Amino acid sequence: MVNYYVKRVAHAFMVLLTTLTVSFALFRMLPFGPYEIMKLQIQNQMAQSGETMDVQTRERINARIEAFTNIDPDQTMVEAYFDYLFNIIVYQDFGKSITHNEAVWPLMLERMQWTLFYGTYGFALGVSTALILGAVMAYNEGSRFDQVLTYFTVTNETIPGYIAAIILLIVFGLQLGWLPTGAREAPGTVPGLNIPYMIGIVQHAALISMAGFVAGFGGGLDYRGNCIRELGKDYIRVAHLRGLSDTRIAIRYVGRNSLLPIYTGLLLGIAGLLGGSVILEWIFNYPAMGDLLLKSLFSRDYPLLMGSLVLFTGVTLTGLLVADLTYGIIDPRVQGGAERESF
Amino acid sequence: MSRSEDPVTDGGQSREAARSAEDIFNRVSDIERPPRSQQLLEGVRNRVLAPLKILITDPRGAVGVAILAFNVAMATLGVWFFPQPSSLAAEPYTPPFQSLEYPLGTASLGQEIHLQIIHATPAMLKFVISGGIVATLLGVTIGVTAGYKGGVIDYVLMLISDTWMSIPALVLILIISSFWSPRDPYLVGLMLGINFWGGLARMTRSEVLSVRESNKVEAARVMGLPTRYIIRKYVIKNLMPYITVNLANNSRQIIFAAVGLYFLGVLPYTSANWGVMMDQAYNNSNLTNMGQVHWLIIPMVMMILLTLGIILTAQAADKMFNVRLLAREQADEDEGATATATIPGN
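Residue numbers (our numbering), protein chains in the order written: chain H, 165 to 507; chain A, 486 to 831.
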């Protein structure tokens, strides 16, 4: 059992290491990659300001490149790679943002908490609604309610989060004017534990959370299918014969067993949600992590871009690791987890 | 000394018996193979018409195929038949469904929206075709290789696909587009496609692992059939329902991502597509004015419709791989069509 946890954590760490390598490869090794482009830009800037290319200037250029990218241009590729890994893993040092002129890591963390704030609410609400509806549909299989909701869920699959976001923005933000359409907090409030500020952030996150709700809604139909399969099994009949209450059977027997096959998939939805945050935050003008990523893309702020890649992946990986480590709790039969085809 | 000259050591067989044994193994069927043209015709009937008939007898399939056919018609005949949209063709922001001349209304400069939609369709279909094919090919190849080879190859391939799955696709696309922004719609599709193979590779691998242990694959192995043949005939064939569903899902993701990227203005505008239309509508019209919103809504509806067509077709396509249904349809097709002996398609 302990061995299994160690294995899972080690695997997650390997995946993170691969991501760091991919990020380094994209950044440093591509012939026309960001690193080369940035080197050219800085050299051009220096040349334009009328400086000659002597040894001193070259050293200054190298020092600037190192400050921004965290990669010393004098090092060989292998040295640079290990240096890069060491800096990130030990010091969380991703270099300095070019546009913001501050360290990338604290900047990203500050923004990420807002993305996770609205994201988890929307996602958790979407997933739980989908599961409840899926179970109700399974219990009323073939009824009018089931049919209508099945069509509704299929239609929902064809609508991306950002279309939902635009419609919510137009209807609730602009036409009805119920909710604010930009910014994170109400103007004139003081951050902290006070009522007006807290109401403000909830109001500002309401629309974007609702758009995330649509993104988290997908698993409903799968859950319905699983529930129907479980309902037909013998142990449910035995449970009825033993005189157990319907609620207990519905929740502890059918609900729990039907959740198992889709558990990891549900948590993988976090990756989709984080990816979608870029467009959602742009639509609602909500300055959080996705917004930071998009702006750094437009200004070609490579240290920030690469840092975001690693951070987004890290958050997804953490979610998946939590799914894996808690799987044993919802399914006590899986002691070692070895036979399970998991992510 | 040859066997036939020594009746004692050949196990008691006479010369005639030996000859008849040889005859058994060399005998050729006296049913004549039908001519090439007819074989081809039968091939089409068994492999194209019969599955298609199954597809469109399902109501979901019928609707899905109709939607897809409509989109393909717009992208091929429509582009050829209708002129490019022109500015100042009419009053700006004419609402939709008012006149036959501008059935979908007009945009900010009076461009006809229905013409914009038609001329933006080819790019959309190109994204889906190249992206869907790339993602599916990569996923199936990597999954089958990992599952069939096992060992270190399996571990490394799965590590790569795990990594790929944990990187949010849109983030990776945005970062790639920071130094490579392709202009050709096929290349855009390719760039999007390489992000969506991870899940399919995982699924294919686990399916291969279970198929690999099945009796028929073991029998095929014992018979010494080449691995390539076993994979194609048994593994891929069993996987077809999975692959179709995944192809549909990947296409959906690719449409969402492509439209999203153009909507954000990340990729350069080189071809008209629905994402570009949405971006222009979003930036140029006043969203508080309900009279101008239709320019934004119509490409969104088209996009939802195309996705719905793909999903419905894929759901109905499940039945196409049901062997019994297929055999029945093939038999129906054969009835009265030909009296000569047929060679079964499969």
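Every residue, glycine too, gets a C-beta built ideally from N, C-alpha and C. Quick caveat, the model's predicted, so the values are computed rather than measured.
Contact check between the stretch 248 to 264 of chain H and the stretch 452 to 470 of chain H: three or more CB pairs, one atom from each, fall below 8 Å, which counts as touching. For R464 (chain H), the chain A residues whose Cβ falls inside 8 Å of its Cβ are S663, in order along the chain. Per DSSP, reduced to three states, the secondary structure at K538 (chain A) is helical.
Listed in chain order, the positions of the stretch 734 to 768 of chain A with a beta carbon within less than 8 Å of a beta carbon of chain H are R737, F741, V744, G745, F748, L749, V751, Y767. The three-state secondary structure of A620 (chain A), taken from DSSP, is helix. One finds nothing in chain A with a Cβ atom closer than 7 Å to the Cβ of E445 (chain H); even the nearest lies about 11 Å away. Within the stretch 476 to 487 of chain H, those residues whose Cβ lies closer than 8 Å to any Cβ of chain A are, in chain order, F476, T477, T480, L481, L484. For A554 (chain A), the nearest beta carbon of chain H is not closer than 9 Å to its own beta carbon.
The distance from the Cβ of P581 (chain A) to that of G590 (chain A) is about 4 Å, consistent with a contact at the 8 Å cut-off. Inter-segment contact for the stretch 658 to 676 of chain A and the stretch 745 to 754 of chain A is present: three or more beta-carbon pairs are separated by less than 8 Å.
Close CB contacts of L810 (chain A) within its chain, under the 8 Å cut and outside five residues either way in sequence, are with I539, K804 (chain order).
The continuous alpha helix (DSSP H) containing Q311 (chain H) extends over residues 308 to 321. Ranked by Cα distance from L180 (chain H), the options H:G492, H:T490, H:T477 are led by H:T477. Remark: C-beta atoms of D386 (chain H) and G298 (chain H) approach each other more closely than 9 Å. As a beta-bridge residue in DSSP terms, E597 (chain A) pairs with A:T591. Under the Cβ criterion (8 Å, minimum of three pairs), the stretch 611 to 619 of chain A counts as touching the stretch 668 to 676 of chain A. Just so you know, the alpha carbons of Y587 (chain A) and I598 (chain A) end up roughly 7 Å apart.
Using a CB distance cut-off of 9 Å, P544 (chain A) does not count as an interface residue toward chain H. Bounds of any alpha helix (DSSP H) do not take in T353 (chain H), whose DSSP letter is neither H nor E. What S472 (chain H) touches in chain A, judged by beta-carbon distance under 7 Å, is V656, going in chain order. With contact defined as three or more Cβ pairs closer than 8 Å, the stretch 627 to 635 of chain A and the stretch 683 to 693 of chain A are in contact. The beta-carbon of V613 (chain A) is placed no less than 9 Å from the nearest beta-carbon of chain H. Boundaries for A414 (chain H): no alpha helix (DSSP H) harbours it, and the DSSP string shows neither H nor E there. Under DSSP, A267 (chain H) forms a beta bridge with H:K260.
Excluding the 5 residues flanking it on each side, A705 (chain A) has same chain C-beta neighbours closer than 6 Å at I715, in chain order.
Under a criterion of Cβ atoms nearer than 7 Å, the residues of chain H adjacent to V778 (chain A) are, in order, I334. Within the same chain, and ignoring the five residues on either side of S460 (chain H) in sequence, the residues whose Cβ sits closer than 6 Å to its Cβ are L468, L469. Check the Cα spacing between D495 (chain H) and each of H:R416, H:G440, H:F381: the tightest is with H:R416.
Under the Cβ criterion of 9 Å, T314 (chain H) is not counted among the residues facing chain A. Shown here, A757 (chain A) sits in coil according to DSSP, grouped into three states, outside any helix or strand.
Under the 8 Å Cβ criterion, the stretch 440 to 456 of chain H does not count as touching the stretch 295 to 312 of chain H, having fewer than three qualifying pairs.
Membership of N774 (chain A) in any alpha helix (DSSP H) is not indicated, and neither H nor E is assigned to it by DSSP. Residues of chain A whose Cβ lies closer than 8 Å to the Cβ of A435 (chain H) are, in chain order, M650, S651, I652, P653, A654. Counting every other CB atom within 10 Å of its CB across the protein chains shown gives F250 (chain H) a total below 16, marking it as exposed. By the rule that beta-carbons nearer than 9 Å mark a contact, T773 (chain A) touches chain H. Taking all protein chains in view, the Cβ of D488 (chain H) is crowded by 16 or more other Cβ atoms within 10 Å, so the residue is classified as buried.
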